[in-house]
Each structure stands twice: as structure tokens, then as C-alpha cells.
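Residues in the sequence shown are numbered from 1 upward in steps of one, following the UniProt record's numbering. Don't be surprised by glycine CBs; every beta carbon is placed ideally from N, CA and C. What you are looking at is a predicted structure, and each value in this text was computed from that prediction instead of being measured.
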Amino acid sequence: MTTAIPPSSGRETVHVPLGERAYDIMIGRGVLNEATARIAGLAPGGAAAIVTDANVGALYGQALSDALAAAGLRTTIITVPAGEGSKSYPRLIEVCEALLAARIERGDLVIALGGGVIGDLAGFAASIVRRGLRFVQVPTSLLAQVDSSVGGKTGINSAHGKNLIGAFHQPSLVVADTALLDSLSPREFRAGYAEVVKYGLIDDPGFFAWCETNAEGIFGPGPARDHAVATSCRAKAAVVVRDEREDGDRALLNLGHTFAHALERATGYDGSRLVHGEAVAVGLALAFRFSVERGLCPPEDAARVAVHLAGVALPTRLQDVPGDIGTADSLVEAMAQDKKVKRGALTFILARGIGQSFIARGVEADGVRAFLVKELAEA
Ligand SMILES: NC(=O)c1ccc[n+]([C@@H]2O[C@H](COP(=O)([O-])OP(=O)(O)OC[C@H]3O[C@@H](n4cnc5c(N)ncnc54)[C@H](O)[C@@H]3O)[C@@H](O)[C@H]2O)c1
Ligand SMILES: O=C(O)C(=O)C[C@@H](O)[C@H](O)[C@H](O)COP(=O)(O)O
Ligand SMILES: [Zn+2]
């Protein structure tokens, strides 16, 4: 069933001031409708290749293609299977070849229409085809609207680990139409919510408290949802502008991710067991408990984080991940490929409390292993 693009209502624009790579994030219910003219204006008389997955393409692909064609662009739709498995070498080759076959030129556009998988895959393809095509992010999952569509990290997975092959390539525009989230499954909505909560935990305790009070509203189609998306985008944009290529502060956005990525690798990127946002939820809870164990964080704060995440039915313990996730040794082994590793030493994002996260370099693997042994032994 094809779903029409909803009519426009209230909206907000967050600007990402990155010099010649600056762009806007348009946010709100129905904002895609009015954005099509703006997208077409980026490549007048040119072409747009819409890269999407089978689920999102069936819902919104044709409507977006028709709207862009009406605005004057020649359009092509490139569809890959839904799910993390598409962040792979074979799918990357497929998308690159399809872009070339469609004669997408340097002045044309790649449109990533989908969740974070599509944004990462299409963005990476855009960064390498003809040595760089411009791309527009049209994020359709909560996770993509609050996180992955902003900041220019693109890439695919390797058997060695998450996102190990990729490039920084900023989009030219991000269009986050919150009405598109109406068709997202409750499980995927929850997963995206973990990345929303992350911003509060990094440095905004007031936002975390607001999430605790407003979770129900955020999960529904109303102003709380739009506020959560806009606040998240503002928070991410501020960090990215300070440190575009993760030489320092940007690593804070990786709160929970050293654990999360190890778990995703341990589950073979099998979304039926664990999707990224769920892995992040476990990772956030672990990062806070690890911080408590190291005497950094009050136990009440770690408990509050876990209670909130579990309260919206997100996993918070290693035991919540279905199936075999290996041992403390194999998880630590996976962490050795983390991109934050420096001279072989692990880097973690730890916390002195809710909203007081910091970058901890040189964390000994033995301490992490002992912590994981203890966590795995919990009933
Ligand atoms: N680049 C970054 O900065 C960054 C940030 C966070 C996460 N990520 C990456 O993002 C990926 C996860 O993204 P995700 O959670 O969006 O997963 P996803 O792209 O797999 O989307 C989740 C599922 O929801 C479906 N879907 C998406 N939008 C829909 C809609 N509007 N209606 C119905 N179904 C819809 C998809 O088809 C898919 O089955 C991971 O690979 C993660 O590593 C990247
Ligand atoms: O944008 C960032 O920077 C992030 O860390 C956001 C994360 O939510 C996201 O999952 C990102 O892809 C992880 O980055 P990575 O460099 O660890 O792969
Ligand atoms: Zn993430």
C-alpha cells in the first residue's frame, strides 16, 4: 500500500553551521510535503536517485518520487532489503552500480529515504560514487530522525565490527517528517527512543527528566514527539559543529556504544535478536553500572536510567538479549576493534551522574572483563 505524503503543519528548522558543508534539518509533521520543492531546488533540472528499503519504499517511495518528478527532477528508485544486513559490501556494490546505471551525475542527488541503515548505506555510496555526490537525508525511523541522519557518519559493517568501513559525508539537507513515524512498529520506535534518552544522559539532565515525565506523549503522534526530535537534533548538531570528525568531544555521542557494538557483532547483526537502538539501551545501562562500579556515579542514578529504559520495555541487561552472546572474553575481544581505541587502549564514555558523561581514555580491558563476568552472572 502506498501512503501519500501528509499535508504540512507546524515545523522547526535546526541549522548545522559547518561552513561550506552547512545544512538545515527541517522537522515537523508533514514537512516532507513542502520540502520537495526545496530538494528539487538543490539540483534544478537534474536527477534524484531515491535509495530506500523494501518496507519504507512500499509506503513512501512512489509518493516521494512523484512529488520530486512534479518539481522537475528525473527520478529513480533503488530498493534494498530492510534491516541491518543491508549495511554490507554486497549491498554497497549494488547501490553504487545502480547509481551509475541511472546516470546520476555529480550535480545530481542521492536521497536516503529510510531508517539509519539506509542513511548510512546510501550516504556512504554517495560519498564514493564519482568521488562524491550530494545527498539528502529523509529519515523515516525515530532513530534516524534523532540521530543517524545528522552529522555525516556513513558506512557499512564488517565481520570485524560495526561501521568499520565508512566515511564522513555531510548531507545537503535533512527532512525529518514526524508524521512518517506513524507507520513505524512499536519495537523500532522504542529502539529509536534509546538514542533520544542518550542526549539527556550525556549532558542534559533536564531533558532526561522531561523524557521520564513525557515518554507516553513522545510515543504518540503529538507535540511531545516533535519536541523530542527537535531537542535531539539540536543536541547532536551542537556536538557535531564542535567536533565534526570525532577528534574529541563527539565521542560523547558514543555513550553506551562500546558495549552496544560488541553486542551487535555478537548477535551477527541479526535484527530479529537485537536492533541497534536496543543494543544502545543495554549499553547505556551497562555504561552507568560500570561507572558505579568504578566509584564514579551514584548507584541511584544508574538505577534511574535502567528503570526508565525498562519502563518503556527496552532491554537493560545482557540477559535480555535473546540467544548466545558469547563470553566476557569474546565481548572484550570485539571491543578491541572499536574506533575509539587509541594505541590499543579502550576508550569508554562514562558518567559521574545523569547528564554528566565524560570521555575516559585508557580503560583497562581486565576491568571491563571482570565487570562483564559479573553482569553475565546476574540472574
Ligand atoms: N550515522 C550515524 O550517526 C548513526 C547514528 C545512529 C545509528 N546509526 C545506524 O542506524 C542503524 C539503525 O537505524 P534504524 O533503527 O533506523 O534501523 P533501520 O534503518 O533498519 O529501520 C528500522 C526498521 O524500520 C523500518 N522503517 C523505517 N521507517 C519506517 C516507517 N516510517 N514506517 C514503517 N517502517 C519503517 C525499516 O524498514 C526497518 O525494518 C544502525 O545501523 C546504526 O548503526 C547511525
Ligand atoms: O554520530 C555519532 O558520532 C555517534 O556516535 C552516534 C551513534 O548513535 C551512532 O550509532 C554512530 O554510528 C556510532 O558511531 P561509530 O563511529 O561508533 O560507528
Ligand atoms: Zn547509535
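Continuous beta strand (DSSP E) stretch holding L64: start and end: On the sequence shown, position 64 is the one that residue 64 refers to. Annotation for L64: no beta strand (DSSP E) segment contains it, though the alpha helix (DSSP H) segment containing it runs 62-70.
Integer-rounded CB distance, given that M335 should sit under 8 Å from L346: The residue labelled residue 346 in the question sits at position 346 within the sequence shown. The residue labelled residue 335 in the question sits at position 335 within the sequence shown. Confirmed, Cβ separation roughly 6 Å.
Contact test: E278 Cβ vs ligand 3 heavy atom, cutoff 7 Å: Residue mapping note: residue 278 aligns to position 278 of the sequence shown, counting from 1. In this structure, E278 has its CB at a distance of at least 7 Å from all heavy atoms of ligand 3.
Integer-rounded CB distance, given that L263 should sit under 8 Å from L255: Sequence index remark: in the sequence shown, residue 255 carries index 255 (1-based). Sequence index remark: in the sequence shown, residue 263 carries index 263 (1-based). The Cβ separation is near 15 Å, so there is no contact.
Exposed unless 16 or more other CB atoms sit within 10 angstroms - verdict on D147: Residue mapping note: residue 147 aligns to position 147 of the sequence shown, counting from 1. By the 10 Å Cβ count, D147 comes out buried.
Three-state class that DSSP yields for S8 in the structure shown: Residue mapping note: residue 8 aligns to position 8 of the sequence shown, counting from 1. Confidence in S8 is poor, its pLDDT being 45 and thus under 50, which makes the residue's placement too unreliable to answer from.
Residues bridged to K374 (per DSSP): As a position in the sequence shown, residue 374 is number 374, starting the count at 1. K374 pairs with nothing; no bridge assigned.
I128, DSSP secondary structure in three states: Taking the sequence shown and counting its residues from 1, one reaches residue 128 at position 128. When secondary structure is reduced to three states using DSSP, I128 falls in the helix class.
G355 versus G200: straight-line alpha-carbon distance, rounded: Residue mapping note: residue 355 aligns to position 355 of the sequence shown, counting from 1. Residue mapping note: residue 200 aligns to position 200 of the sequence shown, counting from 1. The alpha-carbon atoms of G355 and G200 are separated by roughly 6 Å.
Status (buried if at least 16 other CB within 10 Å, exposed otherwise) for L73: As a first step, residue 73 is located in the sequence shown; it is residue number 73 there, counting from the start. It counts as buried.
Beta-carbon separation (whole angstroms), L143 vs E195, contact threshold 8 Å: In the sequence shown, the residue the question calls residue 143 occupies position 143. In the sequence shown, the residue the question calls residue 195 occupies position 195. The beta carbons of L143 and E195 sit about 5 Å from each other, so the pair counts as a contact at 8 Å.
Residues near G166 in its chain [Cβ-Cβ closer than 6 Å; skip 5 each side]: Here residue 166 corresponds to residue number 166 of the sequence shown, with the count starting at 1. Within the same chain, G166 has close Cβ partners F124, T154, G155.
For I165, the residue or residues it bridges with in DSSP: The residue given as residue 165 occupies position 165 in the sequence shown. Residue pairing for I165: DSSP places it in a beta bridge opposite I156.
Alpha-carbon to alpha-carbon, E293 and V363: In the sequence shown, the residue the question calls residue 363 occupies position 363. In the sequence shown, the residue the question calls residue 293 occupies position 293. About 13 Å.
C-alpha gap between R265 and P298, whole angstroms: Reading the sequence shown from its first residue, position 265 is the one you call residue 265. Reading the sequence shown from its first residue, position 298 is the one you call residue 298. Each residue's Cα considered, the two are about 30 Å apart.
For I77, the residue or residues it bridges with in DSSP: The residue given as residue 77 occupies position 77 in the sequence shown. For I77, which the question treats as bridged, DSSP gives the partners I50.
Residue of V321, G271, A303 minimising C-alpha distance to V282: The count along the sequence shown starts at 1 and reaches residue 282 at position 282. The shortest C-alpha separation from V282 is found at V321.
K340, DSSP secondary structure in three states: As a first step, residue 340 is located in the sequence shown; it is residue number 340 there, counting from the start. The answer is coil: DSSP assigns K340 none of H, G, I, E or B.
Beta strand (DSSP E) segment containing Y193, residue limits: Taking the first residue of the sequence shown as position 1, residue 193 is located at position 193. Here Y193 belongs to no beta strand (DSSP E); instead the alpha helix (DSSP H) covers 186-203.
Rounded straight-line distance, which links the Cα of R343 to that of S141: Here the question's residue 141 lines up with position 141 in the sequence shown. Here the question's residue 343 lines up with position 343 in the sequence shown. Those two C-alpha atoms are separated by around 36 Å.
Any 3 or more C-beta pairs closer than 8 Å across the stretch 127-134 and the stretch 62-79: As far as the Cβ criterion goes, the stretch 127-134 does not touch the stretch 62-79, which means the pair count is below three.
Inter-stretch contact at 8 Å, needing at least 3 Cβ pairs: the stretch 239-259 / the stretch 206-216: Not touching, per the Cβ criterion.
Reduced DSSP category for R225 - H, G, I as helix; E, B as strand; rest coil: The sequence position of residue 225 within the sequence shown is 225, counting from 1. When DSSP states are grouped into helix, strand and coil, R225 belongs to the helix group.
Buried versus exposed call for T13 [16 or more other C-beta atoms within 10 Å across all chains shown]: Reading the sequence shown from its first residue, position 13 is the one you call residue 13. The C-beta of T13 has fewer than 16 other C-beta atoms within 10 Å across all chains shown, which makes the residue exposed.
Where D23 sits in the DSSP three-state scheme: Walking along the sequence shown from the start, residue 23 turns up at place 23. The amino acid at residue 23 is misidentified as Asp; the sequence shows Tyr. If DSSP states are grouped into helix, strand and coil, Y23 belongs with the strands.
D177 - DSSP class collapsed to helix/strand/coil: In the sequence shown, counting from the first residue as 1, residue 177 sits at position 177. In the three-state DSSP reduction, D177 falls in the strand class (E or B).
Buried or exposed (CB count within 10 angstroms, at least 16 for buried), R361: On the sequence shown, residue 361 is found 361 positions in, with the first residue counted as 1. Of the other Cβ atoms in all chains shown, fewer than 16 fall within 10 Å of the Cβ of R361; this residue is therefore exposed.
G271 beta carbon less than 8 Å from that of A19: For the purposes of this step, residue 19 is taken as residue 19 along the sequence shown, with counting starting at 1. For the purposes of this step, residue 271 is taken as residue 271 along the sequence shown, with counting starting at 1. The sequence given here places Gly at residue 19; Ala does not occur at that position. By the CB criterion at 8 Å, G19 and G271 fall outside the cutoff.
L252 - DSSP class collapsed to helix/strand/coil: Numbered from its first residue, the sequence shown carries residue 252 at position 252. Helix.
Beta-ladder partner(s) of S357, from DSSP: Indexing the sequence shown from 1 puts residue 357 at position 357. According to DSSP, which records beta bridges pairwise, S357 is partnered with A351.
Beta-bridge pairing of R134 - partner residues as DSSP gives them: Position 134 of the sequence shown, counted from the first residue, corresponds to residue 134. Bridge partners of R134: L109.
Closest Cα partner of G107 within the set A98, A43, V307: Sequence index remark: in the sequence shown, residue 107 carries index 107 (1-based). Among A98, A43, V307, the Cα nearest to that of G107 is on A43.
From L64, K87, L318, residue whose alpha carbon lies closest to that of V117: Translated into the one-based positions of the sequence shown, residue 117 becomes position 117. Among L64, K87, L318, the Cα nearest to that of V117 belongs to K87.
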